[in-house]
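Scroll down for the structure; my scribbles are underneath it.
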Amino acid sequence: MKSKLLFALAALLLWMSNTALAQKNNKERFKKHQIVMQLTSADVLVHKSLVKQLNNLKNGWGDTVAIEVVCHGPGLDFLVTEKTKYKEEIYKLKERGIVFTACENSMREREVTKEAILPDMNFVLMGIGEIVLKQEQGWTYIKAGF
0 MKSKLLFALA ALLLWMSNTA LAQKNNKERF KKHQIVMQLT SADVLVHKSL
50 VKQLNNLKNG WGDTVAIEVV CHGPGLDFLV TEKTKYKEEI YKLKERGIVF
100 TACENSMRER EVTKEAILPD MNFVLMGIGE IVLKQEQGWT YIKAGF
């Protein structure tokens, strides 16, 4: 009799711990994620990989993920109208809530005007400064590339 009672108690405890773990995993799945991605490469294969990663994140987490892509240095080419090969993809991702930001310091250094950047993009004085601010606010940092 005692062994049956102990077995039932152990089974109940096991069931309760599995239920609690499932609830925790469910909460983790739906928590708000904030990601700042740094793009510093003009390599179109890196750009292709970035587009794929951004789509994967939005497909997996939907509206529970906020993403900002900060383009500076050679990565600015991703947002330059005459240089980017991903204009259509950028606008589709923008419609999904992804923010694309150009670094004004890099623009000045590379002699790129705001008019040369795709319309409706964001601008910051310092790309690296924007990344630091986001990290200080708890955003996860990812460097785009391979």
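Mapping of the sequence shown onto numbering that gives the first Met the number 0: residues 0 to 145, in sequence order.
For glycine and all other residues, C-beta sits at the position ideal for the given N, C-alpha and C.
May I ask which residues mark the beginning and end of the alpha helix (DSSP H) holding residue 53?
As a working mapping, residue 53 is identified with position 54 in the sequence shown. Boundaries of the alpha helix (DSSP H) harbouring residue 53: 43-60, taken from the DSSP string.
Through-space distance from residue 79 to residue 72, alpha-carbon basis
To locate residue 72, count along the sequence shown from 1; it is residue 73. To locate residue 79, count along the sequence shown from 1; it is residue 80. Answer to the nearest angstrom: the Cα atoms are 12 Å apart.
Span separating the alpha-carbon of residue 70 from that of residue 136:
The residue you call residue 70 lines up with position 71 of the sequence shown. The residue you call residue 136 lines up with position 137 of the sequence shown. The straight-line gap from Cα to Cα measures roughly 19 Å.
Across the stretch 55-66 and the stretch 101-113, are there enough close Cβ pairs to call them in contact, namely three or more that are closer than 8 Å?
no
From 127, 134 and 53, residue whose alpha carbon lies closest to that of residue 75:
Position 76 of the sequence shown, counting from 1, holds the residue named residue 75. Cα-wise, what sits closest to residue 75 is 127.
Top-ranked residue by Cα proximity to residue 84, from 31, 41, 124 and 68
In the sequence shown, residue 84 corresponds to position 85, counting from 1. Selected option, being the one with the closest Cα: 41.
Residue 92 to residue 47, Cα distance in whole Å?
The count along the sequence shown starts at 1 and reaches residue 92 at position 93. The count along the sequence shown starts at 1 and reaches residue 47 at position 48. If you take the alpha carbons of residue 92 and residue 47, they lie about 13 Å apart.
Closer than 8 Å by C-beta to residue 129: which residues in its own chain qualify, once you throw out the five before and the five after it? Chain order, please.
Position 130 of the sequence shown holds residue 129. Answer for residue 129: 35, 67, 69, 100, 102 and 123, listed in chain order.
Going straight from the alpha carbon of residue 125 to that of residue 104, what length do you get?
The residue you call residue 125 lines up with position 126 of the sequence shown. The residue you call residue 104 lines up with position 105 of the sequence shown. So the alpha carbons of these two residues sit roughly 6 Å apart.
On the three-state DSSP scale, how would you describe residue 106?
Here residue 106 refers to the residue found at position 107 of the sequence shown. Helix, per DSSP.
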